[in-house]
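Quick note on numbering: the sequence shown equals residues 9 to 170 in this note's numbering.
Cβ atoms here follow ideal geometry from the backbone N, Cα and C, with glycine treated the same way.
These numbers come from a predicted model, not from an experiment.
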Amino acid sequence: MTRYDVDAAQSEVRVAATSSLHAITGRAEGLRGWADLDGTTVRGARIELDAEQLRWGNPLLDRETRRRIDTARHPTIVGTMTAMESNDDGSARLRGTIAFHGVERAVSGVVAVTMATADALMIEGEHTFDVRDWGLEPPRLLMLKVDPQIVVSIRVLVSRVR
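Printed below as a string of structure tokens:
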């Protein structure tokens, strides 16, 4: 088994939400973590993100999001992969947990796994979540009401540890 580390400069999380006024998109960089690979099969992985890194491009919405998440008490969002089933088409079904806002939930989803180079693997996917599953109510600001269903997209490059 070989350890690969997350390349923070080449990895990101994007979040898409809808509201009563318009679509809202957010982005977060600064991911950190690792993946253990046996050939091209991921045997385990952990990805962390500082919750304060999530930015919507609107200071008011950024501040309200940090307040609702309570980043002082829950500073880190953690995804842990516990199982992977590879498909013939290059995709894989992952199972694991997401710890967010002090709540850990089991999740599963499909990602694309590709060899970016001989020493790097790209993992990409998207999944729809309901923020209420983690005890959060979506923001309401003046006339803006955000839907609780969000689409989270990940693009994670992991590189072999030397």
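Considering only the alpha carbon of each residue, which of the options lies closest to residue i?
{"i": "ALA114", "options": "ASP127, THR122 and THR88", "result": "THR88"}
{"i": "LEU123", "options": "LEU29, GLU132 and VAL159", "result": "It is Met, not Leu, that sits at residue 123 in the sequence shown. It is GLU132 whose Cα lies nearest to the Cα of MET123."}
{"i": "GLY143", "options": "PRO156, THR136, LEU150 and THR49", "result": "PRO156"}
{"i": "ASN66", "options": "ILE85, GLU93 and ALA31", "result": "ALA31"}
{"i": "ASP96", "options": "THR49, VAL21 and ALA43", "result": "THR49"}
{"i": "ARG81", "options": "ALA107, ALA24, LEU45 and VAL119", "result": "ALA107"}
{"i": "ARG51", "options": "MET92, VAL111, ARG76 and SER116", "result": "MET92"}
{"i": "SER94", "options": "GLY47, VAL21, GLU20 and ILE162", "result": "GLY47"}
{"i": "GLU72", "options": "SER161, ARG148 and ARG163", "result": "ARG148"}
With DSSP as the reference, label residue i as helix, strand or coil.
{"i": "TRP142", "result": "helix"}
{"i": "ASP155", "result": "strand"}
{"i": "ASP44", "result": "strand"}
{"i": "LEU69", "result": "helix"}
{"i": "GLU101", "result": "Residue identity check: residue 101 is Arg in the sequence provided, not Glu. DSSP places ARG101 in strand when its eight states are reduced to three."}
{"i": "ALA80", "result": "coil"}
{"i": "ARG170", "result": "coil"}
Excluding the five sequence neighbours on either side, which residues of its own chain have a C-beta within less than 6 Å of the C-beta of residue i, listed in chain order?
{"i": "GLY41", "result": "VAL14, ARG54, ILE55 and GLU56"}
{"i": "ALA24", "result": "THR33 and VAL159"}
{"i": "SER99", "result": "VAL118 and ALA120"}
{"i": "MET130", "result": "THR122, ALA124 and LEU165"}
{"i": "ILE77", "result": "ALA59 and HIS109"}
The beta strand (DSSP E) with residue i in it runs from where to where?
{"i": "THR122", "result": "111 to 125"}
{"i": "GLU37", "result": "From DSSP, GLU37 is part of no beta strand (DSSP E); its letter is neither H nor E."}
{"i": "ALA24", "result": "20 to 27"}
{"i": "SER56", "result": "The amino acid occupying residue 56 in the given sequence is Glu; Ser does not appear at that position. Segment 49 to 58, the beta strand (DSSP E) holding GLU56."}
{"i": "ARG63", "result": "No beta strand (DSSP E) holds ARG63; DSSP gives it neither H nor E."}
{"i": "ASP13", "result": "10 to 14"}
Within a Cβ cutoff of 7 Å, which residues of the same chain sit near residue i, ignoring the five residues on either side of it in sequence?
{"i": "ASP141", "result": "ARG113"}
{"i": "VAL169", "result": "ARG11, TYR12 and ASP13"}
{"i": "PRO146", "result": "VAL139, VAL154, ASP155 and PRO156"}
{"i": "ASP127", "result": "SER167 and ARG168"}
Ordered along the chain, which non-local residues of its own chain (more than five positions away) have a Cβ less than 8 Å from that of residue i?
{"i": "ARG63", "result": "GLY34, ARG35, ALA36 and ASP70"}
{"i": "GLU249", "result": "For the chain, the structure presents residues 9 to 170; residue 249 sits outside this window and is missing."}
{"i": "LEU29", "result": "MET151 and LEU152"}
{"i": "ALA16", "result": "GLU37, GLY38, LEU39 and ARG40"}
{"i": "THR90", "result": "GLY52, ARG103, GLY104 and THR105"}
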